[in-house]
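Participant: This is the structure I have questions about; it appears just below.
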Amino acid sequence: MHTSEDTLPRGLILLAQPELLNINPTEMTDARPEAYRDIPYRIVELNHAESFRPPGAPRNWSAEQRALDEQFHASVKPLREKHPDYSILYFGSSSIPLTLYLGYLLETWQRTEVVPRHHDARSWGWRSSPEGRPARLLPVTLPDFKDHSPGEAIIRISTSHQVDQYITRQVVPEPVLVEVDIALEHPSEDAFTSMEEMFEVAKAFRQTLDCIGDRFPRVQRVHLFASVQTGMALLLGAQISKTMHPAVQTYQYTRSSGVEPFHAPALLINGPRSPEPIALNDEEVNLAARDRVNLAQDFDRMRGQIRREEKDQEVEWPGSVLAEPAGLAAFSGMWRKLPPLCKTPLKQTRIDVATTSVEDSFRLNPANEWQIDDRWLARLAQRLPEEDRRRRALRMLVLHEAVHRGQQGLTRTLSKGIGRFPKVLEEADYHADVWGMLYERSLTELVSPDEIDRPARFFQALIRIATETMWAFDDDGQPLRMIQVRRLNRYLIWYWQYLLLEAAVLRDAGLTEVLALLAQRPIIELAGPTPLSQDERVYYPLDASRMMTPELCVYHQGRLHRHGVRIDFSLAELIEGVRERNGDAILDVLRAAAEQTAR
């Protein structure tokens, strides 16, 4: 603590973070160290969680992180820039992940000190230890070897309570390359009696991060399990370098339905920045341009379908695409509410062949122009190298979006935050997928009627094109570490339909049977991965080694089927197939379950 006039700051920023416990301005000013009583100060309060988390609701870490980010840049950052010679005096009662993140925002360029909340005395300020012993740090054993393979690292810090090694290993994906423990001899809530003791722990953490960054250059993430005081968390977060250190995954200690304590993933600090996009070569640019021109030409075929429907004023879907009355029976109820193509906004739109860079990869802009990004088209071309398959993919993509923006009402305004309603969106997506596939069949019939002679095989081909198109949207060049449960379900639904059609091909099923199959959305669900919540969406981590009782459940033709792990059915391989975005691998795993379910 500064005590001499030569080292006193010019002023103080009294920074409060009262998420868990309120602190009023009088308490803050009264708790200032004696040496700081006569220097000017400014008070800033960061209270960022309440509006995002009603009582009893699960934490939305991403929303709280954004709120803290916004408040910091609005109130703390300008004040620091105006008064760089002021010191930060921190009064905090916040969750460890958010406090770590605040420390990360503060960095180390400006002196930061902590005024602790004494656990036993229930007051703010420094007190001597009742046992009369200093907070001594146990020796920290840093690795003396190097490993250039990809993997994970674990750091456990125990200053208020001891962190259990076994429990932490349960939640970290393999392979774990290195583990380091930083702990006091006697962890306790009121262990620290001076800033110097806290700085020693922060220094050890920084040295550990430096060592990991130097000796394990391909570590994906450092998993930080910190059972520490709030002020200690702030100092730890400040040690994380934006340029020198890997991403740091924080955890919130909680309890699992009274069974055993565990650490739930919370904020990712210093996460990987989006890589600089790789420049496309001339061939890729030219191919993307040709795909846009091809889609514009195919758009004329779609308009031809619209004109044919408009001539028939009584036209309804699916009669607009199915000439055979026998096929109509499968589509009843809500299916009949879908519009014919002529009653979607498609006829008011056009293909923008000039725009090559689109932030969202694919969009309908306010001028009613469909725009497609060059890089997304390049990813699609990697998955669908055949031009005729890409043309079909782009037609179905536009058709899918057309019905979303038509009868389904997924406009630019209403679609904001729609991911919060996964069950609703799952149903709407399936309807739009099938609707688009049936219109693609109608468009194909006009130019290549022989191609639709074997309906099961034809729709199998459409499903593979549709799923590869979906993967192109889910491929940002980064490893797929987790996936939205809704998104995973959509893949499972369509791969399951592909396998049901595979059996239909063998028995040479007719159009009526195939349409009846398509009209029934498969009810299929995977269990095993521990769900994570982020931005009010639920995700599965794609780590096959950390699944709890993996199982696939299917409700098929009025009967429940449960498929656990067996020799011919590896759910670990299924998860690996999803992680690698490999449709063939996913189908290979699901095939055994489909054959036993739909005999």
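Just so you know, we're using our numbering here: the sequence shown kicks off at 39 and counts up by one.
For every residue, glycine included, the Cβ atom is placed at its ideal position computed from N, Cα and C.
Only counting the same chain, and skipping five residues up and downstream in sequence, which positions put a Cβ closer than 7 angstroms to that of residue 391?
Facilitator: The residues 330, 331 and 334, in chain order, have a CB closer than 7 angstroms to that of residue 391 in the same chain once the five nearest residues on each side in sequence are set aside.
Participant: Among 271, 185, 192 and 518, which residue has its Cα nearest to the Cα of residue 227?
Facilitator: 271
Participant: In three-state terms, what does DSSP make of residue 564?
Facilitator: In this structure, residue 564 counts as strand in the three-state DSSP scheme.
Participant: Compute the distance between the beta-carbons of residue 146 and residue 285, then report whether it is under 8 angstroms.
Facilitator: no
Participant: What does the alpha-carbon distance come out to for the pair residue 52 and residue 126?
Facilitator: Between the C-alpha atoms of residue 52 and residue 126 there is a straight-line separation of about 6 angstroms.
Participant: Could you check whether residue 220 and residue 246 sit closer than 8 angstroms to each other, using their CB atoms as the reference points?
Facilitator: yes
Participant: Let me make sure I understand the geometry here. Which of 469, 549 and 154 has the alpha-carbon closest to that of residue 491?
Facilitator: Taking only the C-alpha atoms, the option nearest residue 491 is 549.
Participant: According to DSSP, is residue 520 helix, strand or coil?
Facilitator: strand
Participant: Where in the stretch 350-413 do unbroken runs of the beta strand (DSSP E), each at least 3 residues long, occur, reported from the N-terminal end onward?
Facilitator: If we require 3 residues or more, the beta strand (DSSP E) runs fully inside the stretch 350-413 come out as 400-402 and 407-410.
Participant: Going by other Cβ atoms of all chains shown within 10 Å of its Cβ, with 16 needed for buried, is residue 161 buried or exposed?
Facilitator: Per the 10 Å Cβ criterion, exposed.
Participant: Relative to the alpha-carbon of residue 85, which residue among 140, 336 and 116 has its alpha-carbon at the smallest distance?
Facilitator: 140
Participant: Give me, in chain order, the residues of the same chain whose beta-carbon lies closer than 6 angstroms to that of residue 110; leave out the 5 immediate sequence neighbours on both sides.
Facilitator: 143
Participant: Mind checking residue 505: buried by the 16 CB within 10 Å criterion, or exposed?
Facilitator: buried
Participant: Looking at the structure shown, is residue 321 part of a helix, part of a strand, or coil, going by DSSP?
Facilitator: The answer is helix: DSSP assigns residue 321 an H, G or I state.
Participant: Would residue 468 and residue 328 be called neighbours here (beta carbons separated by less than 8 angstroms)?
Facilitator: Here residue 468 is not near residue 328, since their CB atoms are 8 angstroms or more apart.
Participant: Report the three-state DSSP secondary structure of residue 344 (helix, strand or coil).
Facilitator: helix
Participant: My parser needs the alpha helix (DSSP H) runs of 4 or more residues fully inside the stretch 47-115; what are they?
Facilitator: 63-68 and 99-109
Participant: With distances taken Cα to Cα, identify the nearest neighbour of residue 234 among 278, 174 and 185.
Facilitator: 174
Participant: So which of 566, 325, 578 and 474 has the shortest CA-CA distance to residue 414?
Facilitator: Closest by alpha carbon: 325.
Participant: Give the list of continuous alpha helix (DSSP H) stretches no shorter than 4 residues that lie fully inside the stretch 112-159.
Facilitator: 115-120 and 134-144
Participant: For residue 102, count the other beta carbons within 10 Å of its own beta carbon; 16 or more makes it buried, fewer makes it exposed. Which is it?
Facilitator: buried
Participant: With a Cβ-Cβ cutoff of 8 angstroms, do residue 56 and residue 133 count as a contact?
Facilitator: no
Participant: Out of 217, 500, 108 and 387, which has the shortest C-alpha to C-alpha gap to residue 430?
Facilitator: 500
Participant: What are the boundary residues of the alpha helix (DSSP H) that includes residue 471?
Facilitator: 460-485
Participant: Apart from the five residues on each side of it in sequence, which residues of its chain come closer than 8 angstroms, Cβ to Cβ, to residue 292?
Facilitator: 299, 300, 301 and 302
Participant: Any heavy atom of the ligand NAP inside 7 angstroms of the beta-carbon of residue 555?
Facilitator: The ligand NAP is not part of the structure shown, which contains no ligands of any sort.
Participant: Going straight from the alpha carbon of residue 254 to that of residue 238, what length do you get?
Facilitator: Those two C-alpha atoms are separated by around 24 angstroms.
Participant: Among all the DSSP beta bridges, which residues are the ones paired with residue 277?
Facilitator: Note: residue 277 sits in no beta bridge, so no partner.
Participant: Start and end of the alpha helix (DSSP H) containing residue 626?
Facilitator: 621-635
Participant: So, using beta-carbon positions, are residue 257 and residue 322 closer together than 8 angstroms?
Facilitator: no
Participant: For residue 579, write down the residues that DSSP places opposite it in a beta bridge.
Facilitator: Residue 579 pairs with 520.
Participant: Quick one, are the C-beta atoms of residue 418 and residue 361 less than 8 angstroms apart?
Facilitator: no
Participant: Taking 6 angstroms as the limit between beta carbons, can you name the residues of its chain near residue 493, skipping five residues before and five after?
Facilitator: 549 and 552
Participant: In the DSSP assignment, find the unbroken beta strand (DSSP E) run with residue 594 in it and report its ends.
Facilitator: 589-594
Participant: Looking at residue 568: is its Cβ nearer than 8 angstroms to the Cβ of residue 599?
Facilitator: no
Participant: I think residue 387 touches residue 407, with their Cβ atoms under 8 angstroms apart; what is that distance to the nearest whole Å?
Facilitator: 7 angstroms
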